[in-house]
Amino acid sequence: MQTILTKSPVEAAEFIKRGGIAAFPTETVYGLGADIFNENAVARIFEAKRRPMDNPMIAHVGEVGQIILVASEISSNARKFIKAFFPGPLTIVLPKSAKVPLTATAGLETIGVRMPRNTIAREFLTACGIPLAAPSANISGRPSPTTWEAVYEDLNGRIDCILQGEATEIGLESTVVDCTTEAPMILRAGAVSLEQLQMIVSATTFYKNSSYVTPPSPGLKHKHYAPAARVVLIDPEFKVKDSKPQAYIGLDFPNGEFGLIKICASVEEYAAGFFAFFRECDKRKIETIFCQKVSEAGIGAALMDRLRRAAAG
12 MQTILTKSPV EAAEFIKRGG IAAFPTETVY GLGADIFNEN AVARIFEAKR RPMDNPMIAH
72 VGEVGQIILV ASEISSNARK FIKAFFPGPL TIVLPKSAKV PLTATAGLET IGVRMPRNTI
132 AREFLTACGI PLAAPSANIS GRPSPTTWEA VYEDLNGRID CILQGEATEI GLESTVVDCT
192 TEAPMILRAG AVSLEQLQMI VSATTFYKNS SYVTPPSPGL KHKHYAPAAR VVLIDPEFKV
252 KDSKPQAYIG LDFPNGEFGL IKICASVEEY AAGFFAFFRE CDKRKIETIF CQKVSEAGIG
312 AALMDRLRRA AAG
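Residue numbering for the sequence shown follows the numbering used here, starting at 12 and increasing by one per position.
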């Protein structure tokens, strides 16, 4: 299969309308989209990504009015979050519409819904005219793609089209909040923090139970975000003595010798750049990546979640 590169949202949308799958930029990471009502197209995403079939996808909509196409009801808390954060890096979990195939939701009767704020994503979704099932546009388990080049590295020859855009603004996946419960629960940390959500609905909490068969959100059960290199989380004062090919990313200058170093000016810059740094380390055959721990306030909670999962991989 030849993967077409284009900068035209309209051209990319034509692949979707013909039952194809296309990657596109958002403010979080690049997504891989298919017509959510086309079960064959949705199945192609699982195949292209080598994605476990029990890992649900998120529905991406171009306008708020499309939410009712994929969800059977919208709770009052969900409406508050939609008003405050749509378009943006927040996914709300709602009861799914019967029209949405269970393939897209991994058998769950709920569905995550998001409306990206990225201009190219909005133009693409508008041109498609339908909600898209769209996980991240990478091989499952690999670091999420924050550039179209990263998508090409993983999926060239496996998907129909890549809609080219700039590097993503935020660099990690959306916050996922379950709005099917009385008190909203954060299933996956992201750019919209617990503190921001609690300003809208004060009862919002983090989801604690991990004893699920099918995860209620992407990014929970399976190996995620991991480079080929070993990932080690360290405190700033940690002294690295290993002489093997190694790299470091963090806010402070490290103690030790490294073949590749990235010092970030803020937690936001750290979050936006660590996936790309992981991929660069793999290209350079780095064996160990040392990542500085950060405070879990704000977006730091999402960053530490991703780093822990990468280290566990």
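Backbone N, C-alpha and C fix where the C-beta goes; we use that ideal spot for every residue, glycine too.
These figures come from a predicted structure and were not determined experimentally.
(request) Could you give the DSSP three-state label for Met-68: helix, strand or coil? (result) coil
(message) Contact defined as beta carbons within less than 8 Å: I believe Ile-122 pairs with Ala-82. What is the distance between those atoms, to the nearest angstrom?
(response) 6 Å
(message) So within the stretch 35-118, which uninterrupted beta strand (DSSP E) runs reach at least 3 residues, ignoring any that extend past its ends?
(response) 42-46, 69-71 and 101-106
(request) Kindly indicate the opening and closing residues of the beta strand (DSSP E) around Gly-261. (result) 257-261
(message) What does the alpha-carbon distance come out to for the pair Pro-98 and Gly-261?
(response) 30 Å
(request) Give the secondary structure of Met-210 by DSSP, where H, G and I count as helix, E and B as strand, and everything else as coil. (result) helix
(message) According to DSSP, simplified to helix, strand and coil, what is Thr-121?
(response) strand
(message) Quick check on DSSP: helix, strand or coil for Phe-264?
(response) coil
(request) Tell me, to the nearest whole angstrom, how far the beta carbon of Glu-156 is from that of Arg-62; I am working on the premise that it is less than 8 Å. (result) Strictly speaking, residue 156 in this sequence is Pro, with Glu absent from that position. Not quite, the Cβ-Cβ distance comes to about 14 Å (not below 8 Å), so this is no contact.
(request) Tell me the start and end of each unbroken alpha helix (DSSP H) in the stretch 241-320 that is at least 4 residues and wholly inside, in chain order. (result) 278-294
(message) Helix, strand or coil, according to DSSP, for Ile-15 in the structure here?
(response) strand
(request) Just grab the DSSP bridge partners of Arg-199 for me. (result) Val-187
(message) Counting beta carbon pairs with one atom in the stretch 236-254 and one in the stretch 151-168, are three or more of them shorter than 8 Å?
(response) yes
(message) For a quick check, are the C-beta atoms of Leu-205 and Val-187 less than 8 Å apart?
(response) no
(message) Nearest by alpha-carbon distance to Tyr-41: which of Ile-93, Leu-105 and Asn-129 is it?
(response) Asn-129
(request) Buried or exposed for Asn-49, please, with buried defined as at least 16 other CB atoms from any protein chain shown within 10 angstroms of its CB. (result) buried
(request) Find the nearest neighbour of Ala-24 within the set Leu-143, Leu-101, Ile-103 and Arg-55, judged by alpha-carbon distance. (result) Leu-143
(message) Going by DSSP, what residue range makes up the beta strand (DSSP E) through Ile-27?
(response) Where Ile-27 is concerned, there is no enclosing beta strand (DSSP E), although the alpha helix (DSSP H) it sits in stretches over 20-28.
(message) Assuming Ile-131 is part of the alpha helix (DSSP H), what are its boundary residues?
(response) 130-139
(message) Can you check which of these residues, Leu-113, Phe-92 and Lys-304, is closest to Ile-103 by C-alpha distance?
(response) Phe-92
(message) Can you tell me whether Ser-185 is buried or exposed? The criterion is at least 16 other CB atoms within 10 Å of its CB, across all chains shown.
(response) buried
(message) So, for Val-224: in the same chain, excluding its five sequence neighbours on each side, which residues have a beta-carbon less than 8 Å away from its beta-carbon?
(response) A caution first: Val-224 carries a pLDDT of 49, below 50, which makes its placement in the model unreliable, though a value can still be read off. Result list for Val-224: Asp-65, in chain order.
(message) Please report the straight-line C-alpha distance between Pro-20 and Ala-59, rounded to a whole angstrom.
(response) 21 Å
(request) Could you please give me the residues that DSSP links to Ser-151 through a beta bridge? (result) Its beta-bridge partners do not exist; DSSP assigns none.
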